[in-house]
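Asker: Following this message is one structure expressed as structure tokens.
Protein chains: 4
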Amino acid sequence: MIKIGIIGATGYAGGELVRILTGHKDAEIVWYGSRSYIDKKYAGVYQNMFQIVDAKCLDDNMAELAKQADVIFTATPQGFCASVMSEEILSQTKIVDLSADYRIKDVATYEKWYGIEHKSPQFIKEAVYGLCEVNREDIKEARLVANPGCYTTCSILTAYPLAKEGIIDMKTLIVDAKSGTSGAGRGAKVPNLYCEVNENIKAYGVASHRHTPEIEEQLGYASGEEVVINFTPHLVPMNRGILATEYASLKKDVTYEEVKAIYDKYYQKERFIRVLDEGVCPETKWVEGSNYVDINFKIDPRTNRIIMMGAIDNLVKGAAGQAVQNMNLMFGLPESEGLELVPMFP
Amino acid sequence: MIKIGIIGATGYAGGELVRILTGHKDAEIVWYGSRSYIDKKYAGVYQNMFQIVDAKCLDDNMAELAKQADVIFTATPQGFCASVMSEEILSQTKIVDLSADYRIKDVATYEKWYGIEHKSPQFIKEAVYGLCEVNREDIKEARLVANPGCYTTCSILTAYPLAKEGIIDMKTLIVDAKSGTSGAGRGAKVPNLYCEVNENIKAYGVASHRHTPEIEEQLGYASGEEVVINFTPHLVPMNRGILATEYASLKKDVTYEEVKAIYDKYYQKERFIRVLDEGVCPETKWVEGSNYVDINFKIDPRTNRIIMMGAIDNLVKGAAGQAVQNMNLMFGLPESEGLELVPMFP
Amino acid sequence: MIKIGIIGATGYAGGELVRILTGHKDAEIVWYGSRSYIDKKYAGVYQNMFQIVDAKCLDDNMAELAKQADVIFTATPQGFCASVMSEEILSQTKIVDLSADYRIKDVATYEKWYGIEHKSPQFIKEAVYGLCEVNREDIKEARLVANPGCYTTCSILTAYPLAKEGIIDMKTLIVDAKSGTSGAGRGAKVPNLYCEVNENIKAYGVASHRHTPEIEEQLGYASGEEVVINFTPHLVPMNRGILATEYASLKKDVTYEEVKAIYDKYYQKERFIRVLDEGVCPETKWVEGSNYVDINFKIDPRTNRIIMMGAIDNLVKGAAGQAVQNMNLMFGLPESEGLELVPMFP
Amino acid sequence: MIKIGIIGATGYAGGELVRILTGHKDAEIVWYGSRSYIDKKYAGVYQNMFQIVDAKCLDDNMAELAKQADVIFTATPQGFCASVMSEEILSQTKIVDLSADYRIKDVATYEKWYGIEHKSPQFIKEAVYGLCEVNREDIKEARLVANPGCYTTCSILTAYPLAKEGIIDMKTLIVDAKSGTSGAGRGAKVPNLYCEVNENIKAYGVASHRHTPEIEEQLGYASGEEVVINFTPHLVPMNRGILATEYASLKKDVTYEEVKAIYDKYYQKERFIRVLDEGVCPETKWVEGSNYVDINFKIDPRTNRIIMMGAIDNLVKGAAGQAVQNMNLMFGLPESEGLELVPMFP
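Below you can see the structure in the form of structure tokens.
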């Protein structure tokens with residue numbers, strides 16, 4: 043039984059970790075960390091867990107938790123994990139960090155986009171970017187995994203095979219992404235109120251969203267060239283789900299079958315990536331509650347572009363599900379353990 | 043491995059049966075019956091099942107299916123199950139009927155409220171009303187189970203202990219219920235279009251909804267007296283969930299603790315009924331995707347009434363989940379097998 | 043041109059006042075009071091008013107405002123209006139108070155249900171309860187109008203004719219009400235976040251909601267007897283709209299036509315009350331954005347009860363629209379001026 | 043008083059025409075045409091119009107209607123208007139066609155994208171494309187106006203000034219658009235059911251949507267070159283609203299101020315186009331119920347692209363509102379008559 047600590051257990055990603063790990067047969071949560079709800083019953087914060095979780099919330103004492111837990115999930119604001127990280131902690135426990143602290147290899151890029159100083163840059167090199175389908179082998183050996191962002195997971199995986207195979211002109215890549223509101227977290231802010239989000243759609247963070255350099259870095263590794271993209275997130279009136287619509291010019295004439303073969307080469311054996319049948323557009327509802335990434339594409343001969351589309355549940359594959367997938371890899375468990383979640387429709 | 047046939051597999055309740063049974067370790071679906079989609083891939087109708095279900099849809103040949111399946115779920119319009127039922131079928135397989143055909147013992151009442159002739163009234167007596175928490179022992183022995191309606195499951199279980207113990211004046215019982223739109227089914231009708239339901243709430247079927255006599259009959263058994271109620275359903279802009287708010291006059295002075303003790307007497311050991319802590323109102327979101335019934339109550343000394351509240355997921359405990367719970371009982375399996383579904387929030 | 047001041051102009055009710063008054067040909071807003079946004083452009087808070095309203099937000103200095111405005115709307119939290127009211131202010135300007143401060147005649151009842159001390163009880167007697175269809179003549183003469191609550195407007199008007207004519211047993215009256223989320227205001231609170239409200243319904247304030255005594259008082263005046271009711275509000279995932287479903291036993295046998303005649307007696311000439319055709323249930327969407335109250339009823343001979351239903355837009359007839367209707371009466375304008383708002387569908 | 047006939051009065055665009063024209067002081071609807079609801083009361087189809095519209099629905103006899111009406115709005119499926127058009131009709135009345143029949147000048151392009159034969163191509167040349175802000179003078183003289191599509195109105199106006207001034211490389215233009223569900227019409231189809239749309243987002247018509255050639259043609263006129271674009275519509279869980287996010291490479295270095303000056307050159311005097319303050323992203327909710335187009339842009343120096351954003355209410359500026367705006371121009375009325383609609387929030 044793997045002993046698990048969660049810091050930030052009462053955020054939406056933290057809550058999803060609890061939901062998933064409750065059904066994981068080799069995991070046991072020993073620490074529900076929540077700075078805001080210390081000593082309160084966890085099920086009082088998330089009433090769905092009534093009679094399922096009996097524990098009370100604890101603080102975020104990582105030093106103490108490192109002694110008790112085999113792995114710690116930090117579902118915390120940017121900067122927290124970096125501020126508490128130490129060799130001592132890493133020598134006692136494994137870490138899956140759901141924040142951005144260790145996702146970006148270049149500390150200057152991190153500090154520029156996030157506007158904060160990185161408190162423990164010495165661990166960045168060691169940290170493995172936890173995109174399981176791309177970095178599986180490295181994750182198995184890792185002490186410290188940087189769990190990818192929600193937008194980034196979807197955006198990268200949707201374009202990855204074509205970037206890797208050099209089919210698309212990376213200079214032309216544009217990612218137009220749409221997210222449900224849980225991605226904004228459980229903080230009490232006016233823009234996230236029901237009445238402000240419902241019956242509304244807007245772009246935000248245009249040409250400045252923090253997930254941009256993360257997508258660029260990873261697709262840069264894939265394509266072997268420097269990648270600079272436009273990434274535009276939008277807020278959609280729904281709880282869960284991210285849809286990425288991506289545009290790129292094709293570097294050569296390709297047929298549907300050729301592109302499909304490339305996707306299949308990378309994803310056919312992947313348990314959690316489904317390349318849909320020709321002509322079927324991904325819909326976020328078809329993956330809701332599950333760890334799946336649904337992907338498809340359309341070639342437009344009129345413009346010589348390819349339109350790629352990917353859909354995930356932002357709280358599962360975009361956060362907690364991928365974190366558990368990483369944990370499974372780190373502990374030598376079957377990768378899908380606890381993640382056999384059938385999408386819920388409607 | 044229990045071999046399962048589903049007639050009506052492409053309705054919302056049928057789809058939920060597939061979702062749940064896919065995760066049931068002793069069940070194997072051998073027949074996806076759908077009159078509208080014969081020969082089409084099931085996963086083409088419900089794309090969430092892509093790469094999970096590979097089968098094509100079949101017809102509704104019950105005679106043939108009875109030979110292949112250990113149990114048949116009929117998630118079909120009223121009248122279908124009664125029209126095809128026969129001793130031969132029942133001698134070959136078990137039936138869990140999700141329609142209303144065998145729920146009401148008095149055939150005249152059925153025919154009056156449903157406006158159709160009952161084609162096989164000879165099986166009504168044998169049929170067991172599949173409200174597991176009330177009729178558990180009978181269900182274990184049944185060949186034919188009438189799976190309760192969604193509104194009725196919620197409405198009955200919310201008031202059952204107080205009706206049974208004679209605490210409330212049954213003549214004063216009023217059930218004001220609110221349902222998500224999946225309860226209206228997947229038929230293409232203007233009133234169920236997104237734009238008609240969204241940003242809207244309305245009552246419907248006022249003083250005439252077909253679930254009324256079913257609630258009355260079951261609460262009549264519980265209280266030992268004839269029960270005639272007002273039941274008012276409302277359509278709420280959400281996919282899933284039923285909330286029943288029930289009002290009744292108290293027959294004597296009771297304290298919170300006394301009423302709580304009554305609920306606990308009936309429900310404390312029930313795996314799927316959660317009587318919430320004092321002051322916590324049930325919310326449909328807290329049970330979404332799960333087989334739970336969340337219940338609570340408030341005594342109003344000003345009016346000498348008790349307000350009872352119950353919440354379920356209409357497609358799970360109100361349909362497919364309860365059907366699987368019935369199946370588990372009928373086959374001697376652990377009652378919660380395949381139903382260890384943690385509610386999904388948000 | 044009537045000069046108008048609004049205190050609380052950046053709440054949802056305040057915003058709706060601005061929307062309505064912008065289209066009122068005899069009104070001119072001279073003061074956009076908002077404690078939270080002083081010196082900020084009003085259109086920066088409500089971007090829908092961009093290029094329509096050019097003013098900046100001001101403070102809540104009632105003494106100064108009383109000198110400038112012909113009428114002040116206070117769309118403020120409970121207690122504010124009472125705390126600043128004075129004979130000096132009332133001698134200079136008229137007041138339409140959208141809070142509860144002057145709605146309840148018995149100060150002890152107010153203080154008990156609202157849990158705060160009433161700072162100016164000397165004005166309660168003078169204040170006119172601004173339910174236009176009931177108190178029209180008194181409103182015309184008033185200096186201080188207590189604008190009714192949203193739930194109460196809907197709940198009272200739905201039952202008023204039957205209470206007044208003594209057709210229903212007031213001791214049996216139960217009001218089960220459902221409201222959109224804008225009724226909860228624009229405060230940044232976790233329970234009002236999109237993800238908490240969406241795909242969810244719950245009761246709240248069961249047997250304890252503050253609108254209860256207001257409904258009881260007014261229906262008491264109508265029926266000529268003390269009225270004690272159960273009132274249960276529910277939060278519905280929609281922005282606007284209140285639906286009240288009300289239950290009462292009939293004191294004598296009545297036909298549909300007799301009850302319809304009673305409703306028509308009171309409402310046929312009312313510009314903003316629509317008694318729907320037989321069998322048509324009110325829907326909140328059919329009144330959205332307008333000042334209408336849609337009402338209908340169903341007699342249930344099985345239980346000898348009548349089910350009454352009423353629907354309003356909580357921000358219009360339940361708040362800002364009724365406030366403007368009151369203003370029109372107070373200033374001798376046509377009652378519907380600025381309120382010729384056609385409901386928006388879908 | 044302008045006498046108005048509407049064919050297709052019970053679709054969503056037709057309903058919106060009725061809502062708007064009800065408040066238009068120089069207009070009187072004399073014909074509510076609806077093939078599906080002949081002889082039924084209009085207010086029975088759209089209950090929001092109860093006691094506002096008393097008329098019954100009539101058929102679609104254009105010949106007869108042409109004698110009675112000064113202008114006919116055809117809010118009908120593609121092909122209808124073209125199939126009934128004649129010189130006789132045009133000599134008797136004016137036509138504002140809300141379908142696509144006369145929007146595209148090249149009949150072959152129309153027939154290819156719409157897959158139907160054009161029945162009266164002889165009127166295409168005469169027809170004026172009713173994008174008021176672009177073709178105002180021609181509209182004033184027109185007998186036959188082709189009212190632009192919803193997506194196209196938003197997409198064109200968002201990019202128009204930059205296309206016109208040659209600032210952007212038209213070969214790089216990509217339009218990623220998001221629409222509320224009313225754009226899909228009131229037809230009873232499974233994909234438009236509440237449960238299918240709610241909690242979901244998807245692209246559709248990728249590289250094949252019929253509004254593509256309309257955008258290309260108009261932006262071609264503006265830029266003076268052939269334009270071929272990628273246009274990707276998405277279905278968003280909301281009733282109303284279109285947001286277009288558009289990407290294009292800049293042909294030269296420009297500052298925010300320079301681009302703003304270009305937008306202002308074309309739009310500053312436009313009553314219904316609002317170029318927002320720097321940094322404010324358009325949101326569909328801010329224009330809901332109104333005829334506004336909200337526009338803004340962001341220059342991304344990293345990619346040398348400009349991201350343009352535009353928001354409209356698809357039923358108002360995207361259909362009925364623009365149609366009325368066209369009518370006002372055609373009859374010499376103030377352009378904003380009947381269109382002084384303040385956006386409704388929340």
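Protein chains in written order, with the numbering used here: chain B, 43 to 388; chain Z, 43 to 388; chain E, 43 to 388; chain L, 43 to 388. The beta-carbon is built from N, C-alpha and C at its ideal position, and this holds for glycine as well.
Go to E/ARG178, then tell me how far its alpha helix (DSSP H) extends in each direction, as first and last residue.
Answerer: Segment 174 to 183, the alpha helix (DSSP H) holding E/ARG178.
Asker: If we define contact as Cβ-Cβ less than 8 Å, is B/ILE349 a contact residue for chain L?
Answerer: Interface residue, yes.
Asker: Checking contacts by CB at 8 Å: is Z/MET212 closer than that to chain C?
Answerer: The structure shown has no chain C; the protein chains it does contain are B, Z, E and L.
Asker: Three Cβ pairs or more, each shorter than 8 Å: is that satisfied between the region 210 to 218 of chain E and the region 315 to 325 of chain E?
Answerer: Contact between the region 210 to 218 of chain E and the region 315 to 325 of chain E is absent, because fewer than three Cβ pairs lie under 8 Å.
Asker: Name the DSSP bridge partner or partners of E/MET350?
Answerer: E/MET350 pairs with E/GLU288 and E/PHE339.
Asker: Along the chain, where does the beta strand (DSSP E) containing Z/ASP306 start, and where does it finish?
Answerer: From DSSP, Z/ASP306 is part of no beta strand (DSSP E) but of the alpha helix (DSSP H) over 298 to 309.
Asker: May I ask you to verify whether the region 352 to 361 of chain B touches the region 72 to 81 of chain Z, counting CB pairs closer than 8 Å and requiring at least 3?
Answerer: Taking 8 Å as the limit for Cβ pairs, the verdict is that the region 72 to 81 of chain Z does not touch the region 352 to 361 of chain B.
Asker: Check each candidate in L/PHE92, L/VAL87 and L/SER125 and name the one with the smallest Cα separation from L/LEU100.
Answerer: Per the Cα distances, L/VAL87.
Asker: In the DSSP assignment, the beta strand (DSSP E) including B/ALA219 goes from what residue to what residue?
Answerer: Per DSSP, B/ALA219 belongs to the beta strand (DSSP E) from 216 to 221.
Asker: Can a CB atom of chain E be found closer than 8 Å to the CB of B/VAL224?
Answerer: What sits at residue 224 of chain B in the sequence shown is Ser, not Val. For B/SER224, the answer is yes, since a Cβ of chain E falls inside 8 Å of its Cβ.
Asker: Around the Cβ of B/TYR171, are there at least 16 other Cβ atoms within 10 angstroms (buried) or fewer (exposed)?
Answerer: Answer is buried; the Cβ neighbour count reaches 16.
Asker: Taking only runs that begin and end inside the region 228 to 279 of chain E, name each unbroken beta strand (DSSP E) of 3 or more residues, in chain order.
Answerer: Entirely contained in the region 228 to 279 of chain E, the beta strand (DSSP E) runs reaching 3 residues are, in chain order, 272 to 277.
Asker: Is it right to say Z/MET280 is buried, meaning 16 or more other beta carbons lie within 10 angstroms of its own, or is it exposed?
Answerer: Looking at its Cβ environment, which holds 16 or more other Cβ atoms inside 10 Å, Z/MET280 is buried.
Asker: Can you tell me whether E/GLU379 sits near the ligand GDP, meaning its C-beta is under 7 Å from at least one heavy atom of the ligand?
Answerer: With respect to small molecules bound, the structure shown includes none, and the ligand GDP cannot be examined in it.
Asker: Report buried or exposed for L/SER265, applying the criterion of at least 16 other Cβ atoms within 10 angstroms of its Cβ.
Answerer: Flag for L/SER265 reads buried.
Asker: List, in order along the chain, the chain Z residues whose C-beta lies closer than 9 Å to that of L/TYR54?
Answerer: Within 9 Å Cβ-Cβ: CYS237.
Asker: Is there at least one Cβ from chain B nearer than 8 Å to Z/MET281's Cβ?
Answerer: It should be noted that the sequence gives Asn, not Met, for residue 281 of chain Z. So, interface residue.
Asker: Indicate whether L/ALA353 and L/PRO388 have their beta-carbon atoms separated by less than 8 Å.
Answerer: No, the pair does not count as a contact, with Cβ atoms beyond the cut-off.
Asker: Which residues in chain E have a C-beta closer than 7 Å to the C-beta of L/GLY157? List them in chain order.
Answerer: Here the premise fails: no neighbours, minimum Cβ distance about 28 Å.
Asker: Using the Cα positions of E/VAL95 and E/LEU63, report the straight-line distance between them to the nearest angstrom.
Answerer: Straight-line Cα distance between these residues: approximately 11 Å.
Asker: For Z/GLU325, return the contacting residues in chain B, with the cut-off set at a CB-CB distance below 8 Å.
Answerer: Here the neighbours are GLN89.
Asker: Based on the DSSP secondary-structure assignment, which residues constitute the bridge partners of L/ALA69?
Answerer: Paired residue(s): L/ILE44.
Asker: Under 8 Å by Cβ, that's how I've got Z/LEU277 and Z/TYR236 pegged, so tell me the actual separation to the nearest angstrom.
Answerer: Between Z/TYR236 and Z/LEU277 the Cβ distance is about 13 Å, and since that is not below 8 Å, they are no contact.
Asker: Could you name the residues of the region 228 to 262 of chain E whose beta carbon sits closer than 7 Å to any beta carbon of chain B, in the order they occur along the chain?
Answerer: So the close ones are ARG228, ALA230, LYS231, VAL232, ASN234, LEU235, TYR236, CYS237, VAL239, ASN240 and GLU241.
Asker: Would you kindly work out how many angstroms separate the C-alpha atoms of E/GLN89 and E/LYS82, rounded to a whole number?
Answerer: In a straight line, the C-alpha of E/GLN89 is about 12 Å away from that of E/LYS82.
Asker: Can you tell me whether B/GLN390 is buried or exposed, with buried defined as 16 or more other CB within 10 angstroms of its CB?
Answerer: As shown, chain B starts at 43 and ends at 388. That puts residue 390 of chain B outside it, with no answer to give.
Asker: Out of E/PHE273, E/ALA105 and E/GLU259, which has the shortest C-alpha to C-alpha gap to E/LEU132?
Answerer: Per the Cα distances, E/ALA105.
Asker: Compare the C-beta of B/PRO388 with all C-beta atoms of chain Z and state if any pair is closer than 8 Å.
Answerer: Cβ-Cβ to chain Z under 8 Å: yes for B/PRO388.
Asker: DSSP puts Z/GLU18 in a beta bridge; with which residues?
Answerer: Because chain Z in this structure spans residues 43 to 388, residue 18 of chain Z falls outside the shown range and cannot be described.
Asker: If you draw a straight line from the alpha carbon of Z/LEU107 to that of Z/ILE181, how long is it in whole angstroms?
Answerer: Going by the C-alpha atoms only, they are around 22 Å apart.
Asker: Taking all protein chains shown into account, do 16 or more other C-beta atoms lie within 10 angstroms of the C-beta of E/PRO203, making it buried, or fewer, making it exposed?
Answerer: Per the 10 Å Cβ criterion, buried.
Asker: I'd like to know if E/PHE92 contacts chain L, where contact means its C-beta is closer than 8 Å to some C-beta of that chain.
Answerer: Chain L contact via Cβ: present.
Asker: Counting only C-beta atoms, is Z/PRO203 closer than 8 Å to chain B at any point?
Answerer: Not closer than 8 Å to any Cβ of chain B, the Cβ of Z/PRO203 fails to qualify, so no.
Asker: I'd like to know whether the C-beta of B/THR200 is nearer than 8 Å to at least one C-beta of chain L.
Answerer: Chain L contact via Cβ: absent.
Asker: By a C-beta neighbour count over all protein chains shown, 10 Å radius and 16 as the cutoff for buried, is E/ARG406 buried or exposed?
Answerer: Here chain E covers residues 43 to 388 and nothing more, so residue 406 of chain E does not appear.
Asker: Taking contact to mean 3 or more Cβ pairs, one atom from each stretch, closer than 8 Å, check whether the region 253 to 263 of chain B and the region 143 to 150 of chain B are in contact.
Answerer: Because the criterion of three Cβ pairs below 8 Å is met, the region 253 to 263 of chain B and the region 143 to 150 of chain B touch.
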